[in-house]
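Everything below concerns the one structure shown next.
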Amino acid sequence: MRILIIAPYFAPNPEVASVRMVSLSSQLVSDGHSVTVLCLSRKGLLRENTPEELTASVPDGVRTIRFDLDYSTAPLVADYLNGKRFARALSSLVDPANYDVVLNTCGPYYPLEAASIIGRWGIPYVLDFRDLGAINYRPAIVSGSGAGAAKAALKRLYGKLIKRRERRAVSLADRVICISGIDLEAMERAYGLGSKASVATNGFDEARLVSIRPSGDKPFDLTAAVFGKFMYYDKDKAAAILEAICEIRARGVDAGLAHIGKKYDWIDGVMKSKGIDSACYLNLGLMEYQAGMARLGDADFFVVEDTSPDDVGTKIYDYIFWNKPVVAVVPPEGPLAKLLSGFANGFVCTTSDEVRAAVERIAAERLDCLDPNLDRDRFSRRHQNKLIEGILEDAVKEARQR
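Residue numbers (this note's numbering): 3 to 404.
Shown next, in the form of structure tokens:
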């Protein structure tokens, strides 16, 4: 197959948004397919990253088409405006005659604005929702939490606007891929996907971890670690983790959290406002996947904070790869809580006291695995990439039969 992947975030960006398509594109090329990725230019990536953070490599054999936009940062409506600009630019970037199928990964979601253009190309169009989009619209994250009737009305209007855009894109797609069964059910309720829907979860990227070993640079005697976003989804949940570690540290234990990922500007302020010892937190910065996984392997256990009632997330699979205890401050009835509860040493917490009790148990009982009977391979990206490959092949086959 000749595959065009639309993925604005792609290597050299090393963050979660690019990892799924970097892994997939690499495996597709290895399986003999021709893969081109339409992605942001270095200039575009530098709007959100420093040069030092852009560490990921484009897989061998993967061709890229780089684009840039007159990028809007307007509060609330930037995604919509950027979608209009992307749609206007698409025809000058891509010759559809060169491809058998288009795979558009979301998010970011602004490329959905081009769905009607892609629909006219006459080639299969597959949508991959690595997160729920418009139907999981969270305006507090999108635009801040301000008050006022006018702003609230604008948020509601914008929510309807992006849902209408997403509905149109889904209706034009030949296939829709969701990241979990729960997401698929939500999309089905919203859009009536029917037989076009499939699930392909995330996973750890075993192809890049064949010879991975812990780095040997353990920052604390009792090291917790997080790989990816921290104190992004819920400041109070993240603070509860640090408060628990801080209390243990105050008892004379050299305990701390190593954060592999972007340090947000507000982290120091939150720690100061809650009286958390800054020695409890060490930021290691953004790292390329393999380097980050090596540092992750040094930890004694892992932590997670999230607010989503719908998603499992991405990094949990990297934690499963290392098979070490996980302490999660997440919605107790959500899919991530249910997944972790199935492991012997997966701890689901809602308060700093519960986090502290979990950490104390890990230390006292010297718990060193997530589960002694873990079937690690079922959580790998390789299996999920093969599912996506099959979905693309089926879409192409059906298009040729029409």
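Note that the Cβ used here is the ideal one computed from N, Cα and C, for glycine as well.
It should be emphasised that the depicted structure is a prediction, and the values quoted were computed from it without experimental measurement.
{"Item": "Range of the contiguous alpha helix (DSSP H) that encloses ILE269", "Value": "269-275"}
{"Item": "Which listed residue (THR57, GLU50, ALA227 and LEU48) has its alpha carbon closest to that of VAL21", "Value": "THR57"}
{"Item": "Closest residue to ARG177 among LEU48, ILE67, LEU129 and GLY46 (Cα-Cα distance)", "Value": "LEU129"}
{"Item": "Among ILE393, GLY135 and GLU290, nearest to PRO53 - alpha-carbon criterion", "Value": "GLU290"}
{"Item": "Counted within 10 angstroms of its Cβ, other Cβ atoms place GLY258 as buried (16 or more) or exposed", "Value": "buried"}
{"Item": "Minimum length 3: unbroken beta strand (DSSP E) runs contained in the segment 282-330", "Value": "283-285 and 303-307"}
{"Item": "Sufficient close CB pairs (3 or more, under 8 Å) joining the segment 292-299 to the segment 318-329", "Value": "yes"}
{"Item": "Residues near PRO113 by beta carbon distance below 6 Å, same chain, minus five either side", "Value": "ILE8, PHE88 and ASN106"}
{"Item": "Uninterrupted alpha helix (DSSP H) stretches inside the segment 148-184 (no shorter than 4 residues)", "Value": "151-174"}
{"Item": "Three or more C-beta pairs below 8 Å linking the segment 205-222 and the segment 378-395", "Value": "yes"}
{"Item": "ALA365 versus PHE303 - alpha carbon distance", "Value": "10 Å"}
{"Item": "Run of the beta strand (DSSP E) containing ARG90, from where it starts to where it stops", "Value": "Where ARG90 is concerned, there is no enclosing beta strand (DSSP E), although the alpha helix (DSSP H) it sits in stretches over 80-95."}
{"Item": "Three-way DSSP call (helix, strand, coil) for ALA142 in this model", "Value": "Bear in mind that a pLDDT of 48 at ALA142, under 50, signals an unreliable position, so the model cannot answer this."}
{"Item": "Reduced DSSP secondary structure (H/G/I, E/B, other) of TYR2", "Value": "This structure gives no information on residue 2, because the portion of the chain shown stretches from 3 to 404."}
{"Item": "Among GLU335, LEU341 and PRO334, the one whose alpha carbon lies nearest that of ILE318", "Value": "LEU341"}
{"Item": "8 Å Cβ cutoff met for LEU389 and MET3", "Value": "no"}
{"Item": "Classification of VAL361 by the beta-carbon crowding that lies within 10 angstroms, buried from 16 upward", "Value": "buried"}
{"Item": "Simplified DSSP assignment, three categories, for PHE131", "Value": "strand"}
{"Item": "Three-state secondary structure assigned by DSSP to HIS261", "Value": "strand"}
{"Item": "Closest Cα partner of ALA19 within the set GLY230, VAL328 and TYR266", "Value": "GLY230"}
{"Item": "Reference VAL37, options ILE214, ARG65 and ALA246, closest by Cα", "Value": "ARG65"}
{"Item": "Distance, GLY109 Cα to ILE67 Cα", "Value": "18 Å"}
{"Item": "Neighbour-count burial assignment, LYS399, 16 or more Cβ in a 10 Å radius", "Value": "exposed"}
{"Item": "Closest Cα partner of ILE179 within the set ALA281, TYR235, PHE131 and THR75", "Value": "PHE131"}
{"Item": "Nonlocal neighbours in the same chain, by C-beta distance under 7 Å from ILE269, ignoring five residues either side", "Value": "MET233"}
{"Item": "Sheet register partners of ARG65 (DSSP bridge)", "Value": "THR38"}
{"Item": "Given GLY161 as reference, the closest of TYR139, ILE243 and ALA175 once Cα atoms are compared", "Value": "TYR139"}
{"Item": "Cβ-based burial, ALA93 [other Cβ within 10 Å; buried from 16]", "Value": "In the sequence as displayed, the identity of residue 93 is Ser instead of Ala. That one is exposed."}
{"Item": "For ALA202 and GLU190, believed in contact at Cβ under 8 Å, the rounded distance", "Value": "Wrong, their Cβ atoms sit about 16 Å apart, outside the cutoff."}
{"Item": "Cutoff 8 Å; reference ASP256; Cβ partners in own chain excluding five residues on either side", "Value": "PHE222, ASP223 and LEU224"}
{"Item": "Where LEU71 falls, given that 16 or more other Cβ within 10 Å makes a residue buried", "Value": "buried"}
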